[in-house]
Structure formats: C-alpha cells, structure tokens
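Under mature numbering (1 follows the signal peptide of the UniProt record, and there is no 0), the residues of the sequence shown are numbered -19 to -1, 1 to 131, in order. Ideal placement from N, C-alpha and C gives every residue a C-beta, glycine not left out. The model shown is predicted, which means the values in this text are computed figures rather than measured ones. Written out below as structure tokens is the structure these notes cover.
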Amino acid sequence: MKKLLFLGLALLSINVSIAQDTYEYQIVTVVESIVPNGLGRSRMITANETRDYKEFTSTRTGEDDKRNKSDRGDIRVKGFDETKLLNFFNLGGIRFQNIAANDALVMSKINTMASEGWELAFVNSGVEGYAGKGDKNGIYITRYTFKRKK
C-alpha cells in the first residue's frame, strides 16, 4: 500500500512539473522560388524582433464593426536574419544541385538551433504554383516552428 501511495505521489509530482513548463517559440520561414528561368528569389528568414499581436488586434461584433486601423509600419519587422537560398529553376529547368544546396543550409540552421536548446515542434508547408495561362509566379514555403523551455 505504501508503494502504491508513493507511486501515486510521484506521478502527481510529474504531472505538476509538466503543467508548469513554459516555452518560448521561434519560427524559421523558408521561401523557395519555383518561378521558371531562375527569375525568383529564395530566402530563409528568422525574425530578431518580437511583436505583441494584441497591439494589432481588434474585436469586431455586430454592434461594433470598426475596421482594424493598425499602421503597417508599426507591424513591420526590420530586424531579421535573411539567408540567401538558390532557386529551384534555372534556364535549363529544375536544378537538383540547388535543392541539395538549400537542404544543406536549412539543415545547418536546424542543427544550430538544436545545439542552442531549440526543439523542432512543427513543420508546415504550402505551395503556390502555376494557376493557368499567364501565371508565371510560384513559391514553396515552409515554416519550421521551434520551442525551448524558458
């Protein structure tokens, strides 16, 4: 019975300590151009400034339907790391060496963040590709969300 009580208290203590963990998050965004002929721009971006979303949020209701008038200049982040990446396409078409080079740079960033105590928590990606005649734009975007205990 004493062992069971001890085990129960130990589990309770683990649950309490887990519930008290707080994390900070960092997002790394990779934008890779899929524009034909190598005309696009590809970059890895990490913000070095923070913003409080509450400063730029309004709540709209049926009674109060005023538009959010936040100044875009106040939202814009000017302090960020920008790593140049290579485009997926060049004049000859898809360039596999460019993809491998981008992978090496992204892997380097992930490994550096891991060595700094960041854990990769989520990866989200999307693509905007060819949408018909005359559309020569396209990007492949991946957001890596990292977390670490505060």
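Pick from Gly115, Tyr4, Ile15, Asp45: whose alpha carbon is nearest that of Phe77?
Ile15
Use the C-beta contact count for residue 203: other C-beta atoms within 10 angstroms, 16 or more gives buried, fewer gives exposed.
Nothing in the structure corresponds to residue 203, since the chain is present only between -19 and 131.
Just tell me which of Gly119, Ile120, Glu100 has its CA closest to the CA of Gln7.
Glu100
Contact between the stretch 23 to 39 and the stretch 54 to 68: three or more CB pairs below 8 angstroms?
yes
Just to confirm before moving on: does the CB-CB distance between Tyr121 and Phe70 stay below 9 angstroms?
no
Got a sec, what are the start and stop residues for the alpha helix (DSSP H) Ser106 sits in?
Element bounds for Ser106: not the alpha helix (DSSP H) but the beta strand (DSSP E), 100 to 109.
If we ignore side chains and look at the alpha-carbon of each, how far apart do Arg53 and Thr40 end up?
Rounded to whole angstroms, Arg53 to Thr40 spans 18 angstroms at the Cα level.
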